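Take 1 as the starting number for the sequence shown in UniProt numbering and just add one per residue.
Don't be surprised by glycine CBs; every beta carbon is placed ideally from N, CA and C.
Computed from a predicted model, the values in this text were never measured in an experiment.
See structure below.
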Amino acid sequence: MEVLQILECSPPLTREPLDVEQAAAVARVFRALGDPVRLRILSIVASRAGGEVCVCDITDAFDLSQPTISHHLKVLKEVGLLTSERRASWVYYRLVPETLGELSALLTLPAAAAAAAPR
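What follows is the structure in structure tokens.
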């Protein structure tokens with residue numbers, strides 16, 4: 001089952017515990033986001049006007065080799081955070097908003113719990 005499908009089926013953490021499969025899928029996404037380079041890549045793509053970024057612009061933002069950037073992009077695609085489209089000799093990356101939305105929903109506290117939380 002794909003990560004996005006598992007996230008869609010996962011209840012908010014405050015409603016009921018995740019099962020083993022759900023927890024493993026969610027952990028894969030957070031593991032991908034736990035790398036500073038991948039987090040920066042996601043930020044670059046998410047903040048770009050028009051919602052997409054050429055791989056050449058992503059590579060230029062880092063002092064890393066092209067194969068290393070490709071590896072990080074592959075990891076982000078595998079967990080469903082990015083999608084890509086080849087146009088001629090360049091690849092363009094877009095955010096998958098549904099995946100971020102599902103992660104957000106998973107971590108969202110109900111209004112009553114948020115209001116009662118100590119500060």
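Between the beta-carbon of V75 and the beta-carbon of R38, is there less than 9 Å?
The count along the sequence shown starts at 1 and reaches residue 75 at position 75. The count along the sequence shown starts at 1 and reaches residue 38 at position 38. Closer than 9 Å, so yes.
Specify, as a first and last residue, the run of the alpha helix (DSSP H) that R15 falls within.
Taking the sequence shown and counting its residues from 1, the one referred to as residue 15 is at position 15. Here R15 belongs to no alpha helix (DSSP H), and DSSP marks it neither H nor E.
So which of E102, R94 and T108 has the shortest CA-CA distance to V55?
Translated into positions along the sequence shown, residue 55 becomes position 55. V55 has its Cα closest to that of R94, out of E102, R94 and T108.
Unbroken stretches of the beta strand (DSSP E), 3 residues or longer, contained in the region 44-83:
For the region 44-83, whole beta strand (DSSP E) runs of length 3 or above, ordered along the chain, are 52-54.
Rounded separation between A114 and T108 - CA only
For the purposes of this step, residue 114 is taken as the residue at position 114 of the sequence shown. For the purposes of this step, residue 108 is taken as the residue at position 108 of the sequence shown. Confidence in A114 is poor, its pLDDT being 49 and thus under 50, which makes the residue's placement unreliable; the coordinate value appears in the next sentence. Near 9 Å, if we compare the C-alpha coordinates of T108 and A114.
Using the three-state DSSP reduction, which class does V91 fall into: helix, strand or coil?
Within the sequence shown, numbered from 1, the residue matching residue 91 stands at position 91. Three-state result, V91: strand.
Write down the C-beta distance between L33 and V26 rounded to the nearest angstrom, noting that I regard them as a contact closer than 8 Å.
Here residue 33 refers to the residue found at position 33 when the sequence shown is read from its first residue. Here residue 26 refers to the residue found at position 26 when the sequence shown is read from its first residue. The Cβ separation is near 11 Å, so there is no contact.
Looking at L64 and L73, is the spacing between their C-beta atoms short of 9 Å?
Taking the first residue of the sequence shown as 1, we reach residue 73 at position 73. Taking the first residue of the sequence shown as 1, we reach residue 64 at position 64. No.
What is the residue span of the alpha helix (DSSP H) that T99 lies within?
In the sequence shown, residue 99 corresponds to position 99, counting from 1. Note, T99: alpha helix (DSSP H), P97 to L107.
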